[in-house]
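Encoded as structure tokens, the structure appears first; notes follow it.
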Amino acid sequence: MHAAHAYLPADRRRALYHNRTLPAEALGTVLFVDISGFTPLTESLARNLGRSSGAEVLTRTLNAVYQALIDQANHQGGSVIGFAGDAITCWFDAADDAAQAAALRAATSALAMQREMERFAGYRVAPGIVADLAIKAALASGPVHRLLAGDPAIQVIEVLAGAPLERMAAAEHVADRGELVADSETVRLLDSRAAVGVWRRGEDGLPVAVLSRLVRPHAAPHFETPPAPAFDLPDATVRSWLLPPVWANLAAGEERFLAELRPAAALFVRFTGLDFEGDPDAGANLDRYIRWVQQVLARHAGSLIQLTTGDKGSYFYAAFGAPIAHDDDTERAAAAALELRSSPATFPFIEQVQLGLSQGTMRVGAYGSSTRRTYGVLGDETNMAARLMVQAGAGQILVSQRAAELLRERFTLEALGERTFKGKSGTQPVYALAGEHSPTLLQLEMLYQTPPVGRDTEIAVLAAAVEQAAQGRGQVARIEGEAGAGKSHLAAATAQLSAAQGFTVLYGACQSTGQQPHAALGEPLALLLGLPALRSDAMESQIARLRARLEEIEPAWLVRLPLLGDLLGLPIPDNPTTAAFDPRLRREALANLIVGLLHHAARSRPLLLLLEDIHWLDEADQTLVLALSRALADVPLLLLLVHRPATRDDAAFLGELAQIQPQTHLSLTELSPDAVAALVSQRLRGPIESLVGEVVYAQTQGNPFFAEELVDALREGGKLVEEGGIWQVGRGLIQALHERNSLDRVDAPVTGAPRAQWRLRAGAHLDAVTLGLPDTVHGLVLARLDRLPDEARLTLKVASVIGRIFEAGVVAAAHPRPMTGAAIAGQFAELERRDFARLESPAPRLAYIFKHSITQEAVYQTLLESQRQELHLAVARVLEAQASDAVERLAHHYTQADLRDDAVRAQAIHYLDAAARRAQRAYANETALAYFERALALETRWDWLRGKAEVLHILGRRVQEEATLLVLDEEPPPTAEAAIDRALLWAEYSEAIGEYASAEQSIDQARRLAEAAADKRAVARCLNRRGIVEWRQGNYGEAETAYQEALAIAQIESLTEAEA
């Protein structure tokens, strides 16, 4: 895609085309060119022409100016490395000629740019609107560092760093409009060719020359110039240099729609600590830090627009509202700022952070020349944010008046009084952003705001369970039923009932996509421990809060704090105690800790823990739920579990759960005809004639969800009508039923009756032809889906790929069409109005939930395989940018994408491996086995076969274990350690089936390999295994000898693991 090539510097494009790597160290001259006059022009255009026309004229003017400037850089072999505001940084490399020639080319280019700008002074951009544009420029020469920073999945950013950049910046600050200044090194290189007007002192105290002209300008260079189509680079090579939304826009051939004026939030962040001259790791550290910054921004739907580096301080600029807009962009920016002001401990080189935040109308979109372009978000408030950053103290976030007005409701702000700023007349109010208000938990009952119909008996049974729990007799309560039976509605009613009796209600939901350990229990436990549902504060703050809470509850539990990190997704390093835990012990210790925490909370106030859709519980949470279920008898805690009837996949878990006492179990059946009639009346919010209820019951057979969906379809299709305050079957449907001989007359019309009364004939068959509606739930949902506008229908399909709960940001980013925040919000409102989905969590992490999973399943089934693959890939890439640690979700989506694509296949393999390892560590063995098998279906790897054998051994599946080990025998071990592992796996297998002689032979083989490799740890492992085998046979003396030898080696070699 040639349009994207212009987003790379010219020398980078040349190097990629010729399959060369640009050197990390380079010698040459850097040229900085700052354009003045665009900010007032932006405001004038918006005021006089309106946003749309103003943006078009502004973009045309921008491109004309940059075309003129960049052409002059191209003519002298320069490369535009980056754009910063209304400025460009160009590099003239000395690799192809002498340093003196590079300086001469840069100076020639700068002076030519000044001449070009003469035609933009008094430049008429539109009738009655004249622009007064000019430049100032600065030159500096010497060795620089050519760096790349950023995650390729988000954007790679070109960076120049080094002493010449510092001198260039110091020189530019003392340049006036229309001037060209240079450092002393550049003047030395130019020698007699440069005509120096005056000398000044730069901000760094070094001499700066004002150059008036060159005595002998440099002729055009002999090497290549880089028009955009000149180098045909593969898309995969180019796309890493562009933000994903920009790339998508270009790929759709819609770059022209990028440019506009729109409100956006600007966040500037200054950070210090990187020493590019003295620290050889500075470049790598910058890359690591910027990747983390990109992840933080992605979580809040922001974009890194600009990065500028220097030894005395670097800064980056992030925008919220462009290229993707949301109705709460300023709040997202504030939440991101709170997270960014405290970098993780993994970045000790970041010494100080200062932040500035503002909001206003910005000029957004692509700009530049035909050969070099960028995506920018610029305006007066961009400058304001930068100046706030400069005035902020260490770790401080300063906020403008405009931004503060939008943040007051959700954030804590401290008024700091009035301050003066460059470019602003008078003083400006300034605020410090202190934190975010704790949001309230969105309760399950928001999904169901009316009581369940026809479930009086079930409600009475659950009310009794609630009462028993309130009296200290905790128990399990299970609500079981098919999809659409009304389980969630009944659970919501129980939650409301419990809350009314003073219970604390915690809610967790499982999802069908992915198998992330502890996904269902993490959020309710986080709330219980005082971590807000929307955690925008830094990880360290969350961990500190968690530590304090745990110490308050029971100081002895602090040693198990790292286990809560596993549960809550917090990076809490293991301590010596938890590091020694094997997966089984880790799981048991976590279960005991969770039980203790819930008991503590319940003894303070009765507790209801509601877990929905537990048939989709991951294996790790299944274990925790079983442990908790067995520990409820003497505490005021009701564990309410909602699930579908058992299938082959969850039969063992649900069967074990069913044996636990005390327990209340409800198996929901279909509603009676009278209950369906009451449900229909409730849905229509008015009385109905009896025929309406009969038709609905006949078609749905009492399934509440089916009934609600059918009523909606009939109403929207005009087949149910309201006449005289009563909902009736429409005349067209009455006629169709007559034609099918499906009606009996009840009586003749009577005075006051609107028409004859009809009843559905016994045994009447209501097929799709009769009703004009599908006769299955799948078809029913599709009929409603097809009545949605095209945009909303496609949005719902994207959501169905994500899962039952779908985040607004993920939907918007993965959408095949570019979506603004307002557009996506409007579509979600339409989906909510039509009851496809309901709000799950509010902004800034706006998310919705399919009201029933059956809706998601039906919508998903409408997608062709190729469409599913495309959308799964899009979702995977969005998640990779926003939540790269969500390896289970990433594994799911990548494996559902087109695996014929090598890159997709590689990512699927990567995340399957990561998910398998994580599940194995969590002792979620069935889950780990599934991931290993899915990975092995794509590629045979020795480590995966080993992992599969290990898991099968734990699960006791000896036939499969042996078969896996036989396959492993056919694969050459990649290392000596792997060969030892294989022999020991055979020993474990043989011991498990009682073939001790074979086990001993395998141990002897492993020991010989270990001794040959001089691997003391492996020798100790072999001896330990020998001890186990001898002990199994009753040879206790021999077992003790083997154990003692293993222990001696461990002590000599300090092998803590072996000692344990």
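Each residue of the sequence shown is one higher than the last, beginning at 283 in our numbering. All C-beta atoms in this analysis are idealised placements derived from N, C-alpha and C, irrespective of residue type, glycine included.
When the Cα atoms are used, what is the spatial distance from residue i to residue j?
i            : j            : result
residue 978  : residue 954  : 12 angstroms
residue 647  : residue 286  : 14 angstroms
residue 880  : residue 851  : 19 angstroms
residue 393  : residue 350  : 12 angstroms
residue 867  : residue 1107 : 46 angstroms
residue 974  : residue 1203 : 56 angstroms
residue 828  : residue 811  : 7 angstroms
residue 445  : residue 429  : 14 angstroms
residue 453  : residue 461  : 11 angstroms
residue 1239 : residue 1275 : 11 angstroms
residue 1198 : residue 1191 : 10 angstroms
residue 523  : residue 547  : 23 angstroms
residue 344  : residue 967  : 57 angstroms
residue 1284 : residue 1268 : 6 angstroms
residue 509  : residue 666  : Interpretation of residue 509 is limited by its pLDDT of 45, a score under 50 that renders its predicted location unreliable; no figure is taken from the coordinates.
residue 496  : residue 309  : 22 angstroms
residue 756  : residue 750  : 7 angstroms
residue 956  : residue 760  : 26 angstroms
residue 1307 : residue 1266 : 8 angstroms
residue 1089 : residue 706  : 40 angstroms
residue 1000 : residue 983  : 22 angstroms
Can you list, in chain order, the residues of its chain whose CB lies under 7 angstroms from that of residue i, leaving out five sequence neighbours each side?
i            : result
residue 530  : 1100
residue 1327 : 1305
residue 722  : Only weak support is given to the placement of residue 722: the predicted model assigns it a pLDDT of 34, under 50, and the question is left unresolved by the model.
residue 908  : 938, 939
residue 825  : 852, 854
Can you tell me which of the three DSSP states residue i falls into?
i            : result
residue 1316 : coil
residue 1124 : coil
residue 1222 : coil
residue 495  : strand
residue 358  : coil
residue 1230 : helix
residue 1216 : helix
residue 508  : Per-residue confidence for residue 508 stands at a pLDDT of 48, beneath the threshold of 50, marking its modelled position as unreliable; the derived number appears in the next sentence. Here residue 508 sits in coil by DSSP.
residue 522  : helix
residue 1193 : helix
residue 1157 : helix
residue 629  : coil
residue 391  : helix
residue 1034 : Confidence at residue 1034 is low in this model, with a pLDDT of 47, below 50, so its placement is unreliable and no value can be given for it.
residue 289  : coil
residue 1110 : helix
residue 266  : This structure cannot settle anything about residue 266, because the visible part of the chain is limited to 283 through 1342.
residue 991  : helix
residue 1061 : Note that residue 1061 has pLDDT 49, beneath the 50 cutoff, so the model's placement of it is unreliable and the number below is only indicative. Note: residue 1061 maps to helix in three-state DSSP.
residue 418  : strand
Within the same chain, show all residues whose beta-carbon is closer than 6 angstroms to that of residue i, passing over the 5 residues directly before and after it, in chain order.
i            : result
residue 1342 : Note that residue 1342 has pLDDT 46, beneath the 50 cutoff, so the model's placement of it is unreliable and no number is given.
residue 726  : Reliability of the predicted coordinates at residue 726 is poor, the pLDDT of 49 falling under 50, and the value obtained from them is presented with this limitation in mind. So the qualifying residues of the chain are 774, 777, 789.
residue 1258 : 1295
residue 1270 : 1235
residue 1112 : 1074
residue 604  : 546, 646, 659
Among the residues of its own chain, which have a CB less than 8 angstroms from the CB of residue i, if the five just before and after it don't count?
i            : result
residue 1401 : In the structure as shown, the chain begins at 283 and stops at 1342. Residue 1401 is therefore absent and cannot be evaluated.
residue 306  : 427, 428, 429, 565
Counting Cβ pairs, one atom from each stretch, are 3 or more of them under 8 angstroms apart for the region 1205-1214 and the region 891-905? yes
For the 8 angstroms Cβ check, are there 3 or more pairs between the region 925-940 and the region 735-748? no
Unbroken stretches of the alpha helix (DSSP H), 4 residues or longer, contained in the region 638-710: 662-673, 683-689
Restricting to runs no shorter than 3 residues, where is the beta strand (DSSP E) found entirely within the region 868-901? 889-894
Is the region 1008-1016 touching the region 941-956, taking contact as three or more C-beta pairs under 8 angstroms? no
List, from N- to C-terminal side, the alpha helix (DSSP H) runs of 4 residues or more that fit wholly inside the region 771-843. 801-810, 821-835
Could you tell me whether the region 638-655 touches the region 580-591, using the rule of 3 or more Cβ pairs below 8 angstroms? In this structure the region 638-655 does not touch the region 580-591; the number of beta carbon pairs closer than 8 angstroms is below three.
Counting Cβ pairs closer than 8 angstroms, one from the region 366-373 and one from the region 308-322, do we hit at least three? yes
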